[in-house]
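Participant: Provided herewith is a single structure, encoded as structure tokens, for subsequent inquiry.
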Amino acid sequence: MQSTRTLKDRIFLVIKGLAMGAANKVPGVSGGVVAFVAGFYEEFIYSLQRVNKTAFKLLFNGRFKSFYRYINGKFLSLLFLGMIVSYFSVSKILDYFIANYELYVWSLFFGMIIGSIYYINKDFKDWNYKSILALLIGVSLGIAISFLDPAKENDNLIFVFFCGIISVSGMTLPGFSGSFILILLGNYVLLLVDSVNALYDTFAEIFTGDFSVVHNEVRLRLLKVLAMFTLGSVAGLVTFSHLLNYVLKHYKSITTASIIGFIIGSLGVVWPWKQTIYKLQDDGSFLLDSRGERIIANYKRFLPELQSETYIAIGYIIIGIVIVLALEWYGQRTNKIS
Numbered sequence: 061m062q063s064t065r066t067l068k069d070r071i072f073l074v075i076k077g078l079a080m081g082a083a084n085k086v087p088g089v090s091g092g093v094v095a096f097v098a099g100f101y102e103e104f105i106y107s108l109q110r111v112n113k114t115a116f117k118l119l120f121n122g123r124f125k126s127f128y129r130y131i132n133g134k135f136l137s138l139l140f141l142g143m144i145v146s147y148f149s150v151s152k153i154l155d156y157f158i159a160n161y162e163l164y165v166w167s168l169f170f171g172m173i174i175g176s177i178y179y180i181n182k183d184f185k186d187w188n189y190k191s192i193l194a195l196l197i198g199v200s201l202g203i204a205i206s207f208l209d210p211a212k213e214n215d216n217l218i219f220v221f222f223c224g225i226i227s228v229s230g231m232t233l234p235g236f237s238g239s240f241i242l243i244l245l246g247n248y249v250l251l252l253v254d255s256v257n258a259l260y261d262t263f264a265e266i267f268t269g270d271f272s273v274v275h276n277e278v279r280l281r282l283l284k285v286l287a288m289f290t291l292g293s294v295a296g297l298v299t300f301s302h303l304l305n306y307v308l309k310h311y312k313s314i315t316t317a318s319i320i321g322f323i324i325g326s327l328g329v330v331w332p333w334k335q336t337i338y339k340l341q342d343d344g345s346f347l348l349d350s351r352g353e354r355i356i357a358n359y360k361r362f363l364p365e366l367q368s369e370t371y372i373a374i375g376y377i378i379i380g381i382v383i384v385l386a387l388e389w390y391g392q393r394t395n396k397i398s
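Numbering (my numbering), first residue to last: 61 to 398.
Structure follows, in structure tokens:
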């Protein structure tokens with residue numbers, strides 16, 4: 061599975077990591093889909109699967125080079141470098157565009173997911189009653205999840221560890237959005253915004269010689285939350301990779317059909333034309349959460365008004381589809397060259 065990579069290949073791998081990291085932060089979008097359409101999904105799962113008892117034995121015996129080679133370290137390190145950079149840079153840019161150009165951002169993502177459905181489905185020929193049933197179950201599950209109401213925020217460290225396990229499922233299972241599940245669990249802002257910003261601010265302060273963080277209880281709590289979330293994410297990555305490898309090996313057709321169905325069913329989550337409405341209490345006042353914020357619910361308007369921005373949004377949907385097709389073309393071209 062390991063191969064010699066040129067400098068260009070390494071740069072592209074970091075860029076793919078950037079894309080995967082950004083996708084993992086966007087509700088409704090799966091980083092696994094990026095890996096799938098970019099042509100490195102199998103190597104990604106294979107590399108994670110190598111983090112096993114043999115790998116830890118090499119590590120604890122001080123055979124670091126052997127450990128690095130065994131887990132395909134060059135590949136994983138470049139990919140995770142891109143993901144980490146993404147969390148502190150690309151994701152912040154993404155937050156800005158979502159806040160200011162929400163319609164166009166969701167249109168782009170909607171197009172990319174449509175392209176992903178085409179990519180996964182085009183080579184799948186094993187349609188029978190079992191795979192069709194799996195497809196329908198996947199569609200139903202995706203639709204059902206998209207209409208669930210979010211829970212309240214919970215910073216209990218055990219629960220945060222569980223959130224870490226769940227959140228990285230989107231990396232290993234294409235179409236399953238870990239960030240959207242975090243929204244349903246009520247911890248999206250806490251884990252992917254507040255705690256990440258706390259770490260960023262801490263590094264910025266320490267760099268300038270300011271060590272006041274040791275007296276900042278709120279910041280320290282957020283850093284503990286982030287550390288536990290990271291541990292859960294690592295545990296989830298390793299666990300899901302082994303589980304998914306077994307499932308794909310023994311039930312590949314059913315699993316692929318389920319993934320296609322789940323992606324189709326989840327399209328409503330990223331439908332560009334969403335209206336935001338506020339939940340009201342019986343007396344007509346806004347319903348507030350524990351932090352005093354308005355609790356909102358998304359109302360999906362499936363017939364958008366025909367305005368100039370609508371046509372622009374449709375253009376972004378087309379661009380999203382083209383991006384996925386371009387990634388597919390690049391992946392096929394790379395495989396032919398190698």
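C-beta: ideal position from N, C-alpha, C; glycine also.
Which class does residue 185 belong to by DSSP, given the choice of helix, strand or coil?
Facilitator: coil
Participant: Apart from the five residues just before and just after residue 160, which ones in its own chain have a Cβ nearer than 6 angstroms to its Cβ?
Facilitator: none
Participant: With 16 as the cutoff for other CB atoms within 10 Å, does residue 84 come out buried or exposed?
Facilitator: buried
Participant: Identify the continuous alpha helix (DSSP H) that holds residue 259 and give its terminal residues.
Facilitator: 255-267
Participant: Could you tell me the distance, in whole angstroms, from the CA atom of residue 457 to the CA atom of residue 183?
Facilitator: No statement about residue 457 is possible, as the shown extent of the chain runs from 61 to 398 and does not include it.
Participant: Quick check on residue 337: buried or exposed, where buried means 16 or more other Cβ atoms within 10 Å of its Cβ?
Facilitator: In this predicted model, residue 337 has a pLDDT of only 45, less than 50, meaning its place in the structure is not dependable enough to derive any value.
Participant: Go to residue 113, then tell me how far its alpha helix (DSSP H) extends in each direction, as first and last residue.
Facilitator: 113-120
Participant: Excluding the 5 residues preceding and the 5 following residue 376 in the sequence, name in chain order all residues of the same chain whose CB lies nearer than 7 angstroms to its CB.
Facilitator: 164, 167, 168 and 171
Participant: Under a three-way DSSP split, which group does residue 213 fall into?
Facilitator: coil
Participant: Got a sec? Which residues, its chain only, sit under 7 angstroms from residue 384 by beta carbon, not counting five neighbours each side?
Facilitator: 97, 172, 175, 176 and 179
Participant: Looking at the structure shown, is residue 173 part of a helix, part of a strand, or coil, going by DSSP?
Facilitator: helix
Participant: If we ignore side chains and look at the alpha-carbon of each, how far apart do residue 314 and residue 240 end up?
Facilitator: 24 angstroms
Participant: Straight-line CA distance for residue 255 to residue 185?
Facilitator: 44 angstroms
Participant: Does DSSP put residue 381 in a helix, in a strand, or in coil?
Facilitator: helix
Participant: Whose CA, out of 224, 221, 202 and 273, lies closest to the CA of residue 330?
Facilitator: 202
Participant: Let's see if you can read the secondary structure: which residues bound the alpha helix (DSSP H) around residue 138?
Facilitator: It spans 133-148 - the alpha helix (DSSP H) in which residue 138 sits, taken as one unbroken run.
Participant: Could you check what DSSP says for residue 157 in three-state terms: helix, strand or coil?
Facilitator: helix
Participant: Check whether the stretch 191-201 and the stretch 309-324 touch, using three or more Cβ-Cβ pairs below 8 angstroms as the test.
Facilitator: yes
Participant: Comparing C-alpha positions only, which one of 260, 220, 233 and 65 sits nearest to residue 242?
Facilitator: 220
Participant: Roughly how many whole angstroms lie between the Cα atoms of residue 52 and residue 119?
Facilitator: What the structure shows of the chain is the stretch from 61 to 398, and residue 52 is not part of that stretch, so it cannot be assessed.
Participant: Mapping DSSP to helix, strand and coil, what is residue 224?
Facilitator: helix
Participant: State buried or exposed for residue 142, treating a residue as buried only when at least 16 other CB atoms are found within 10 Å of its CB.
Facilitator: buried
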